[in-house]
Amino acid sequence: MKNLVSIVVPCYNEESALKIFYEEIVKVSKKLSAAAFEFVFVDDGSNDRTLEEIEKLHKRDQRVKFVSFSRNFGKEAALLAGLEYAKGDYVVTMDVDLQDPPSLLPEMYDAVVSGNYDCAGARRVSRKGEPPIRSFFARIYYWIINRLSKVEMIDGVRDYRFMSRKMVDAVLSMREYNRYSKGIFSFVGFRTKWIEFEHVERVAGETHWSFWKLFVYGIEAICAFSTVPLVFAAALGLLFCFVAFVMIIVIIVKTLAFGDPVGGWPSMICVILMMGGLQMLALGIIGQYLAKTYLETKRRPIYLVRETEKDLDRKANK
Ligand code: UDP
Ligand code: MG
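Here you go:
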C-alpha cells in the first residue's frame, strides 16, 4: 500500500492562481511515485469563480476534494477544515499562490517518511520584495512575541508544512476558537526539520493582508499565546503606586519645612492625565483577554460548510 499524502490548500478569491497551482503540484507529485495523493482545496467563501474552478478540477481528477464554506471564515479556519477533512497518512498545508514552492516537497517527504522527523516546515530566509518598513515591524514583532510567549515563534516560518498523522491529530486536538496556526504548530512540539528557501512572489492575484489586518492579527496572537501583558499591567500599577508614595512623602516634608501649599498645579494635571491614560491601558489589556474568553466560552463553530465534493457527486449521479 502506498502512503497517502493529503495536500491541504486554503483558497480565498484565487480563481487566477488555482489552475497554475494544480498543474505545478501534479508535476511535483508525479516525481514522488512512492506515494498516492489527494488534494483538499478549502474554498473560504470566495466571491469570485474559485469554487467553479475547483469543481472543474474535481471532475477532471477524482483526487481533488474540496470543502466550501458558507462565508469567509479566514485562513486559520480554512486550515482547520482542511486538516479535519484530510485522510492522508501525511498531510501538507500550503498556499495556493505558489509562494510555498512545491519543489520543496520531495525533500520534506524524505525527511518525514524516513521517520527521522514528524514534521518538515519551510522557512523563508529573505524578505526580499517586501516593503522595508514591513520587514522592520515584522522583526520588532517577532522580538516582542518571543519575549512574551514561552512558545517559540520563528521569523519567516510559513504555514507550509509536511506533517505526520500523529502531529496532525495533535493539532486537531487543540479546539480553541482564536486560532493562530504558527503558535499552535509550535505548541504541539514534535521534531521539525526546517528547510530554507528564498522569498517567492505570488504567481497571480494579490495578497489579502493589509498592514492594519496584520497588526490586529499580531495582537491576537500575543493574547492567544501569552498572558504576560496582564503581568505588565499589574507591574506598571505597582510601579506608579511606589512613585506616588515617594512623592507624597516628599510633598509632606516640603510643606512642613517651607510651607508652599498651592504650587505645582500644572504638574498635577499632567500626573492626573497620565494616570488616567495608564488606567485605560491596563483596562484595555484586561478587556482584550476578557473578549477572547467571551468568544471561547460561546463555543461557536469555527467554520460552516456549504458544500463538499460529495454533494457535487450526488448531484451528478441523480
Ligand atoms: N486565504 C484564505 N482565507 C482568507 C485569506 C487568505 O483561505 O481569508 C488563503 C489564500 O487564498 C492563500 C493563503 O491563505 O492561499 C495565503 O494568503 P495570502 O497569499 O493573501 O497571504 P500572504 O502570502 O500574503 O501572507
Ligand atoms: Mg501569499
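Numbering-wise (the working numbering), the sequence shown opens with residue 117 and increments by one. Even glycine gets a Cβ: it sits at the ideal position worked out from N, Cα and C.
Asked, Found
"Local Cβ density within 10 Å of G400, reported as buried at 16 or more and exposed below that", "exposed"
"Between the CA atoms of S297 and L397 - distance to the nearest angstrom", "28 Å"
"The ligand MG heavy atom lying under 8 Å from the CB of R318", "yes"
"C-beta atoms of Y206 and S122 nearer than 9 Å", "yes"
"Distance between beta carbons of F278 and V228, contact taken as under 8 Å", "5 Å"
"Coarse secondary structure for K181, derived from DSSP in three states", "strand"
"C-alpha distance - R239 paired with E423, whole-angstrom precision", "33 Å"
"For A236, the residue or residues it bridges with in DSSP", "F278 and K309"
"Cβ-Cβ distance between F182 and D160 below 9 Å", "no"
"Contacts around R255, its chain only, beta-carbon distance under 6 Å, and the 5 residues preceding and following it disregarded", "none"
"Where V369 falls, given that 16 or more other Cβ within 10 Å makes a residue buried", "exposed"
"heavy atom of the ligand UDP below 8 Å from E130 C-beta", "yes"
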